[in-house]
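J.:
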Amino acid sequence: MVTETTTLKKKDFQSDQEVRWCPGCGDYAILSAVQAVFPELGIPKENFVIVSGIGCSSRFPYYMNTYGFHTIHGRAPAVATGLKLTRPELSVWVVTGDGDGLSIGGNHLIHTLRRNVGLKILMFNNRIYGLTKGQYSPTSEVGKRTKSSPVGSLDAPFSPLSVALGAGATFVARSVDVFQPHLKATLKRAAEHEGTAFVEIYQNCNIFNDKAFSYVSDKEARSEDVVYIENGEPLLFGREKNKGLRLSDGEFEVVTLGEGGVTAEDCLKWDEARKNPALAFQLAQLDGGDFPTALGVLRCVDAPNYEQGVISQIRSEEESHGDATLQDLLYSGDTWEVG
Amino acid sequence: MVTETTTLKKKDFQSDQEVRWCPGCGDYAILSAVQAVFPELGIPKENFVIVSGIGCSSRFPYYMNTYGFHTIHGRAPAVATGLKLTRPELSVWVVTGDGDGLSIGGNHLIHTLRRNVGLKILMFNNRIYGLTKGQYSPTSEVGKRTKSSPVGSLDAPFSPLSVALGAGATFVARSVDVFQPHLKATLKRAAEHEGTAFVEIYQNCNIFNDKAFSYVSDKEARSEDVVYIENGEPLLFGREKNKGLRLSDGEFEVVTLGEGGVTAEDCLKWDEARKNPALAFQLAQLDGGDFPTALGVLRCVDAPNYEQGVISQIRSEEESHGDATLQDLLYSGDTWEVG
Amino acid sequence: MSTETKEKDTQAKAAPTVESVDDVVVRFAGDSGDGMQLTGTQFTSTSALVGNDLATLPEFPAEIRAPQGTLAGVSAFQVRIADYDIHTPGDAPDCLVAMNPAALKKSIGDLKQNGVLIVNTDEFHDRNLKKAGYEVNPLEDDSLAAYRVHKADITTMTFRALDEMDLDSKAKNRSRNMFALGMVYYLFSRPIETTIEWLNQKFAKKADIAEANIKVLKAGWNFCEITQQFQVRYEIEPAKLQAGVYRNIMGNSALSIGLVAASRRSGLPLFLGSYPITPASDILHELAGYKSFGVSTFQAEDEIAAVSSAIGAAFGGALAVTTTSGPGLALKSEAINLALMTELPLIVCNIQRGGPSTGLPTKTEQADLLQVMFGRNSDSPVPVVAASSPSDCFFAALEAVRLATQYMVPVVLLSDGYIANGSEPWRLPEIESLPDLRVEFRTEKEGFTPYMRNPETLARAWAIPGTPGLEHRVGGLEKEDVTGNVSYDPANHDHMVRLRADKVRRIANDIPPVEVVGSESGKVLVLGWGSTLGAITGAVNEARSKGLDVSRAHLKHLNPFPKNLGDVLRRFEKIIVPEMNLGQLTMLIRAEYLVDAQVFSKIEGKPFGRQEILERIEQTLEG
Amino acid sequence: MSTETKEKDTQAKAAPTVESVDDVVVRFAGDSGDGMQLTGTQFTSTSALVGNDLATLPEFPAEIRAPQGTLAGVSAFQVRIADYDIHTPGDAPDCLVAMNPAALKKSIGDLKQNGVLIVNTDEFHDRNLKKAGYEVNPLEDDSLAAYRVHKADITTMTFRALDEMDLDSKAKNRSRNMFALGMVYYLFSRPIETTIEWLNQKFAKKADIAEANIKVLKAGWNFCEITQQFQVRYEIEPAKLQAGVYRNIMGNSALSIGLVAASRRSGLPLFLGSYPITPASDILHELAGYKSFGVSTFQAEDEIAAVSSAIGAAFGGALAVTTTSGPGLALKSEAINLALMTELPLIVCNIQRGGPSTGLPTKTEQADLLQVMFGRNSDSPVPVVAASSPSDCFFAALEAVRLATQYMVPVVLLSDGYIANGSEPWRLPEIESLPDLRVEFRTEKEGFTPYMRNPETLARAWAIPGTPGLEHRVGGLEKEDVTGNVSYDPANHDHMVRLRADKVRRIANDIPPVEVVGSESGKVLVLGWGSTLGAITGAVNEARSKGLDVSRAHLKHLNPFPKNLGDVLRRFEKIIVPEMNLGQLTMLIRAEYLVDAQVFSKIEGKPFGRQEILERIEQTLEG
Ligand SMILES: Cc1ncc(C[n+]2csc(CCOP(=O)(O)OP(=O)(O)O)c2C)c(N)n1
Ligand SMILES: Cc1ncc(C[n+]2csc(CCOP(=O)(O)OP(=O)(O)O)c2C)c(N)n1
Ligand code: SF4
Ligand code: SF4
Ligand SMILES: [Mg+2]
Ligand SMILES: [Mg+2]
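Shown next as structure tokens:
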């Protein structure tokens, strides 16, 4: 008995659990986007599994009427890997936070990425530890004053996408909680990727780090200071699409179309599937300051998928020793009989 | 009483412990290079501390007549961080392996790098787990047959320098066990860096992964297939220095000087201190195949040093509440007297 | 509360009589947005300054901001004030303030018969009633008949009081907790000045907010006076506490200050390596604020890095501390053994919470005793010290530091969510009375070997990097005694395993014997450890005052046990061990002394009440 | 070895007499480059095929390749062969082969008085003597007078045997172990054919190497025959073992095969999540070779990922296993509690080694019992099963799987370095005799709730992703019973903590009672667990044959204990518990049954000898 997937609706993915995030939390918007995208993926409902760690964001599975596993702090990618390796037909999504995924769980994250296990990893980056009531996180900016850094934090933050690319990620993308159409489109792209898809989602924590992403999500900023990446298109931005990113001596510079004869042609045409991830890495580093922030799919390359490799090794071994029985196994090696 | 540092000799750093690596192991050469470099750093002998994890490489401290800490698997960067934060005047060196540092210890490594704690991290990369007798490691190539991967490993390897750059490293370099002058020069550069210096050292494990780096260290390869990075110089290589790396559309290509009018000027002049680490990242990715392997200092930038930040926060707080006594602390808040 | 009516005010017709009571328990309960923690804290401070003895029990929702109006969103603060020496925040409130239906629903079961109930009627509308799961409005049926109900339109009156102020309605609404506080101040005859002062200070930069809060606070008080809400008002005399300077202190705060005190007394700089986790995070927060005392705090990437960094700091000669709760402790266990093997001093503070796994993060429990005793590979004993009350956390910290530095060993300090967040008045000690914890590093080259030992304590010498001539290596492989060289020798290993155990065992010579309170022998002994002290003390006192043959003893040292413990235990016919776990101390006692100690388990995420222990004593005496 | 002289060969003048012995212990010792493990294994295989009972004890250096010629570099392999049912590899060798001075130095203390000593004199040159710490050549003073010393220029003779072969001297040198093996085969009257066959097979592609080895093997044999080295040769008759098919098996191998068998018997695919660690890595290696049985092995980035991946696989419906040793187990403890809380089946194999911390990685110990019992936050009992011999690892694996899947709980399987690497002949079971472990997943929607339970076992239903209509969420927060919803309710928590304990306790109804071997009651009971079985059996058998009043019992289940254990213990006046730790089972027994059990500790990184247990029995009976 397989659920008719074509008839699935958003509300099929809403669980009966009361949602317990703070009113105004960006997590609501992400939940809504995910619930809207899942019915469109053509996957039977019972084949979705959401695996999370610990944090506000990690309460996500409770609100999704799918299989779900609220694991322990930082370990969701590892739990999800075991699940995916043994049940490759499932659609396994990992929900994590900037603390869960990059602080305690950083190692599992980078290893999952390098192995290219077919998981969809959504990192809700609010640049703070929400659940433990407001300590700085590995993505908090230097100088941030929090409960645990009363005179300002000293730790240089990670750029999550750079970490992912450094680890060898085959799909990295970035979106924003409140940019619903963009977020949904990005989630769909992630769902379609064969290997590990890593999506950083800027998420507002209105209680402990309100407006952390206003430089991207403010009304003005969203049209002026964001470069929305379209594969195969030049990197243009600004309300009038009159600014662009051009390479000069291997590095990006901001140019204005028309000035000094610059045309859209001069701006880098984005290729998400380049073999060398260095340009995606460079683009990931642009986040505020003199440069626009890049949103969308920065990298998407085909690469061998880990669980398929596992399965095919097993299949081919089964074929070559196909009829091995338990009896054979037990009675293998040097045996002798005592009469 | 401070030891006269100027009179230190190599043998002052040789401990009385019998060295217990396999005969022929590349670790011997690295030990010898370190023992040769330490006396030249102008640091009192008693101020050196070597902190290691677990692995063949991690036995290093026993053979150095300095303070040493052979900790537990993967945790050396964390132990060293605690030491350095409380004793910034010490010269703290971390010795780790590709398994110790990138497998179990990957998280501590990337966090140490992003914080820019003043540690010198030497990763002996032999692309194998030596001490546990030969399982594949996070730097082993795909398809490697080992005890734990009898039909070939499926895991795409890390590029250690890319991981480090993705984490925000301020100093990354690469050298080879048997390239003694190059290795010594690289170690000296690492010693001079204020923040975290990450040095990957290709190390031959002649027992479990012999000749893994022959594509770099073989007689022919060392002069033909290696680009030795010199800051401020164009990226040239080959015995005749007649080949070079040129940027084209943001990516490296190999060119031959003289062909099609190419000159050394066309090749990228290396700047180890670029703000954006993307070019170093790209160079790090080149390792064999159609491209030469880059050795030397890929990146070295000034950035705030973590332990100095910690100390100066403490100093400035001490100054502003300088005369706070234990009495003050105890009797602070709302107190009342019962009498 | 036992009362004694005084006719203080007989002029006005319906004016309340004033009763003097010796002991009263008040609970403020409301939505998490209602500021109940703050309200409770103010009531506590005021009462402390009045001179009462007191104890508090805050209760937070598990969520940061649980949905408004729901049961999950209820935040409560219970405080008990008395004119004598008390030990617990009380079993059941005499007075309950319920700011909404959910708060009422969650707390009403605890309110004493005939207790005072103050409700904010404005919040008892259909939506809220539904959220709380009420089918009928409890204010409108007779379900509250057993209580003295005082209905007040608190929200409406708050807005009315601020009618003329130019504030948005959100800000106005937020001050309604002050109305309730005003009412309770009136009811218990407390001065409102302390709170007014505090408001002025807190909102020094937002004078209008301060003014609004003060207005509402007064309005609450006046409302009671004018409407003569209460037939009886209460007075609680100052407690006859020992002379001295007092402050109200929470356990985590006392622990933090204790560590700073230990740093000063030892002359060692304090280093904390930690990773946030409920309910231990506040220690990190507080110590992060003590940079002016030379404290460095390092928020690590995880618990393993946290403890490892502390071990590195200890190697370097710092007073090294790591703080966590159960799941974090599990992660630290491998590294704690490194400190054990390298014989470095390390303080591991474990603030226990409900488990297993993520469990009940915001609830209390004392179920990590066996974990700290045995949760490491191989035979690896460490000293264990447990704090028994909020202020005792201060002394426990000093004791943990003393043992760690004198014996060169990692020491576990156990506290729990109850005492970590609970508070009590603390008579501040004289600085000079604190133990001298001075430490000497080894500097002499002559005769130095890394594992040379003090023959009495078996502590090895602490020789830190930077000391010329003492260069040496330590590590997690088995060490040859004295030389510290790596050794695979069978006899040496056997020797070292026993030596490490012996070192901890010898501490028994250096700690006070356990004291029996009550008779030195008899029918029943109630043996406790940690935060059960208050409830046990209350119960045993009461039982003894009833003439029952019961005594009590409380352990501060869980490993090793005080030397006289076996003798003490054998002098009683029966031993009851109240524990917020399935019987962890009980097991240790039984194994060690072969006495038939019986656990009294309560594993509900909340502390024992005096009453339930009393009942168990009575049953045991009967049975 | 007890001997019985037979005059078999009286013709040649100095021809050796042949004695028939029932039991002989041989140790091959040399540098780690000398191939001693291989030599020992060959001797073992040959003896197995001859039909002897046997037991082996390999001993590796801690280093991969320790410096040649040093004490640290010695590699040894001890094997005991007998014509009757034996239990240990023997306390002291009857025959020692020492390939160099270091090997001699390290082993000579163990050799029996008048034992046979074979030395390779070629290696007794100054440099090697110095490395081994000999001031004088022991072959030249009278320090070996107590033994029957046979000096042979093994290296020289090896080269001579290969004189005409076109091989480099490194390859020639490498075959000298075969010379020693040939000598020992001669001494103990073993056929050399098995080894010849094996060499031909192993070096099928390097015929010259095979030929060289065979030449040298024969040369060793011939050398003895020609020079009449030995005055006595020995014969060991086949053991009268139970009829059946046998193979020689090491513990880690038996464990691996046991897991595959459990996978087949349960119908669940086997998933192993592991991170290499001595002495557990071989299980990962072996299982990685069983892909043809549908086994997937995942070499994770660390132990936490290893156990977590296994938990994910269990959630998905696999037979999920994780393997490790002590320090790795410490790291897994937080995650094991997640499996406990989510009530998922998980097999945690812990192959114990010397600790604490990194300790003695290559040595054996059984000191993680308390860690697996209590090394997790809060009350978190899990079933614990311990294997007692190499072949028993197979059955222990099946039993662990049975409990995990029937009770939906993580189960710990304890083994240790001694049985992991030791071997014994194993009478192979009939497949049909293996337990039926079939598992049914829940598929029925009607009435399903995630924490609904089997009323008998208390196991919750196993409903796996992909099953339509059973979508549900699990996690580490406390769960409401039956519904599985997150619950902060005090009474539910108390209920669930007790329920989880009860579930494990009930397993006692489902395991066999502990058997007493010897008298059912009496003066002394020797109680053991795990790998001490062999030594205890040997010692108790011997004591009883001497007429001493002693019995023994051995525990396979450490949690819960068999139901009759208390009764059994109380029937004896004294209880001795030999343990390779400071008394871990002893503590559990004392606490549970209040009996005065006494530990007999040996923590030397090596197994008990029969003799030392025998002596302790005698002392106890006297004392
Ligand atoms: C082992 C362990 N350590 C620490 C914690 C406490 N803890 C829970 S969530 C969290 C951080 C959450 O931050 P993030 O991942 O950014 O999630 P957010 O709440 O911001 O969504 C911490 C430190 C824990 N639950 N378990
Ligand atoms: C917690 C823990 N897990 C596993 C091990 C086993 N172990 C020791 S070293 C090692 C890997 C060593 O590889 P690498 O770091 O590359 O060092 P190498 O020996 O190659 O120099 C492993 C898995 C351990 N000692 N501790
Ligand atoms: S604390 Fe922040 S992240 Fe957490 S639920 Fe509230 S608003 Fe969201
Ligand atoms: S195993 Fe490899 S890495 Fe280890 S000591 Fe031997 S050669 Fe070196
Ligand atoms: Mg966050
Ligand atoms: Mg390695």
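In order, the protein sequence lines correspond to chains A, B, C and D.
Residues -1 to 337 in this note's numbering are what the first sequence lists, from first letter to last.
Residues -1 to 337 in this note's numbering are what the second sequence lists, from first letter to last.
Residues 5 to 627 in this note's numbering are what the third sequence lists, from first letter to last.
Residues 5 to 627 in this note's numbering are what the fourth sequence lists, from first letter to last.
Ideal Cβ positions, reconstructed from N, Cα and C, are used throughout, including at glycine.
Since this is a predicted model, take the numbers as computed values, not measurements.
Who are the Cβ neighbours of glutamine 15/D in its own chain at under 7 Å, not counting the five residues just before and after it?
T.: Along the fourth sequence, read from residue 1 onward, the residue named residue 15/D stands at position 11. Per-residue confidence for glutamine 15/D stands at a pLDDT of 43, beneath the threshold of 50, marking its modelled position as unreliable; the derived number appears in the next sentence. Nothing listed; no residue qualifies.
J.: Would glycine 321/D and phenylalanine 302/D be called neighbours here (beta carbons separated by less than 8 Å)?
T.: Taking the first residue of the fourth sequence as position 1, residue 321/D is located at position 317. Taking the first residue of the fourth sequence as position 1, residue 302/D is located at position 298. Against a cut-off of 8 Å, the Cβ pair of phenylalanine 302/D and glycine 321/D comes out as no contact.
J.: Against chain C, does tyrosine 127/B count as a neighbour if the rule is that its beta carbon must be under 8 Å from one of theirs?
T.: As a working note, residue 127/B is residue 129 in the second sequence. False, the Cβ-Cβ gap to chain C never drops below 8 Å.
J.: Return the residue from the list Asn56/D, Thr536/D and Phe47/D that minimises the CA-CA distance to threonine 368/D.
T.: As a position in the fourth sequence, residue 368/D is number 364, starting the count at 1. Of Asn56/D, Thr536/D and Phe47/D, the residue nearest in Cα terms is Thr536/D.
J.: Just grab the DSSP bridge partners of threonine 323/B for me.
T.: For the purposes of this step, residue 323/B is taken as the residue at position 325 of the second sequence. According to DSSP, which records beta bridges pairwise, threonine 323/B is partnered with nothing at all.
J.: Roughly how many angstroms separate the alpha carbons of leucine 324/B and glutamate 444/C, rounded to a whole number?
T.: In the second sequence, residue 324/B corresponds to position 326, counting from 1. In the third sequence, residue 444/C corresponds to position 440, counting from 1. Leucine 324/B and glutamate 444/C: Cα-Cα distance of roughly 21 Å.
J.: Below 8 Å on C-beta distance, what does threonine 333/A contact in chain D?
T.: Here the question's residue 333/A lines up with position 335 in the first sequence. Those within 8 Å of threonine 333/A in chain D are Val249, Tyr250, Arg251 and Leu432.
J.: Using the Cα positions of proline 148/B and isoleucine 261/D, report the straight-line distance between them to the nearest angstrom.
T.: Position 150 of the second sequence, counted from the first residue, corresponds to residue 148/B. Position 257 of the fourth sequence, counted from the first residue, corresponds to residue 261/D. Each residue's alpha carbon lies about 17 Å from the other.
J.: For cysteine 397/D, name the three-state secondary structure that DSSP assigns.
T.: Residue 397/D sits at position 393 when you count from the first residue of the fourth sequence. In the structure shown, cysteine 397/D sits in a helix (DSSP, three-state: H, G or I).
J.: I'd like to know if glutamate 626/C contacts chain B, where contact means its C-beta is closer than 8 Å to some C-beta of that chain.
T.: Here residue 626/C is taken as the residue at index 622 of the third sequence, counted from 1. With 8 Å as the cut-off, glutamate 626/C does not count as an interface residue toward chain B.
J.: Taking the CB atoms as reference points, tell me whether aspartate 157/D and threonine 125/D lie closer together than 8 Å.
T.: Position 153 of the fourth sequence, counting from 1, holds the residue named residue 157/D. Position 121 of the fourth sequence, counting from 1, holds the residue named residue 125/D. Cβ distance < 8 Å, so aspartate 157/D and threonine 125/D count as in contact.
J.: Could you please give the first and the last residue of the uninterrupted alpha helix (DSSP H) stretch that includes histidine 561/C?
T.: For the purposes of this step, residue 561/C is identified with residue 557 of the third sequence, where counting begins at 1. Note, histidine 561/C: premise wrong, no alpha helix (DSSP H); beta strand (DSSP E) at 561 to 563.
J.: Taking only heavy atoms of ligand 2 into account, decide whether any of them is closer than 7 Å to the Cβ of isoleucine 126/B.
T.: As a working mapping, residue 126/B is identified with position 128 in the second sequence. Isoleucine 126/B Cβ: within cutoff of ligand 2.
J.: Does ligand 5 have even one heavy atom less than 7 Å from the beta-carbon of serine 427/C?
T.: If you number the third sequence from 1, residue 427/C lands on position 423. Not under cutoff, so the answer is no.
J.: Who does alanine 86/D pair with in a DSSP beta bridge?
T.: For this step, residue 86/D is matched to residue 82 along the fourth sequence. For alanine 86/D, which the question treats as bridged, DSSP gives the partners Asp27/D and Asp57/D.
J.: In this structure, does DSSP put glutamate 139/B in helix, strand or coil?
T.: Sequence index remark: in the second sequence, residue 139/B carries index 141 (1-based). Coil.
J.: DSSP on serine 361/D, reduced to helix/strand/coil?
T.: Taking the fourth sequence and counting its residues from 1, the one referred to as residue 361/D is at position 357. Serine 361/D falls in the coil class under three-state DSSP.
J.: Beta strand (DSSP E) containing lysine 295/C: first to last residue?
T.: Here residue 295/C is taken as the residue at index 291 of the third sequence, counted from 1. That residue, lysine 295/C, is in no beta strand (DSSP E); it is neither H nor E in DSSP.
J.: Using the beta-carbon of each residue, which ones in chain A are nearer than 8 Å to serine 285/C?
T.: Indexing the third sequence from 1 puts residue 285/C at position 281. Per Cβ cutoff of 8 Å: Thr130, Lys131, Gln133, Lys145 and Ser146.
J.: Once you ignore the five residues that flank glutamate 305/C on each side, which residues in its own chain have a CB closer than 8 Å to its CB?
T.: Residue 305/C sits at position 301 when you count from the first residue of the third sequence. These residues qualify, in order along the chain: Tyr279.
J.: Can at least three beta-carbon pairs, one atom from the segment 207 to 214 of chain A and one from the segment 48 to 61 of chain A, be found at a separation below 8 Å?
T.: Result no; under three Cβ-Cβ pairs closer than 8 Å.
J.: Given 7 Å as the limit, tell me if aspartate 25/A has its C-beta closer than that to any heavy atom belonging to ligand 3.
T.: Looking up residue 25/A in the first sequence gives position 27. Result yes, Cβ under 7 Å from ligand 3.
J.: Please state whether the Cβ-Cβ distance between leucine 618/D and alanine 547/D is less than 8 Å.
T.: Sequence index remark: in the fourth sequence, residue 618/D carries index 614 (1-based). Sequence index remark: in the fourth sequence, residue 547/D carries index 543 (1-based). Taking 8 Å as the Cβ cut-off, leucine 618/D and alanine 547/D qualify as a contacting pair.
J.: Which residues bound the alpha helix (DSSP H) around glutamine 341/A?
T.: This structure cannot settle anything about residue 341/A, because the visible part of chain A is limited to -1 through 337.
J.: Cβ atoms of glutamine 82/C and glycine 379/D: under 8 Å apart, would you say?
T.: Mapped onto the fourth sequence, residue 379/D falls at position 375. Mapped onto the third sequence, residue 82/C falls at position 78. No, these two residues do not count as a Cβ contact at 8 Å.
J.: Contact check, glycine 627/D vs serine 605/D under 8 Å by CB: the rounded distance?
T.: Here residue 627/D refers to the residue found at position 623 of the fourth sequence. Here residue 605/D refers to the residue found at position 601 of the fourth sequence. Wrong, their Cβ atoms sit about 17 Å apart, outside the cutoff.
J.: With the cut-off set at 8 Å, would you say alanine 512/C and proline 459/C are in Cβ contact?
T.: Counted from its first residue, the third sequence places residue 512/C at position 508. Counted from its first residue, the third sequence places residue 459/C at position 455. No; because the gap between Cβ atoms is not below 8 Å, this pair is not in contact.
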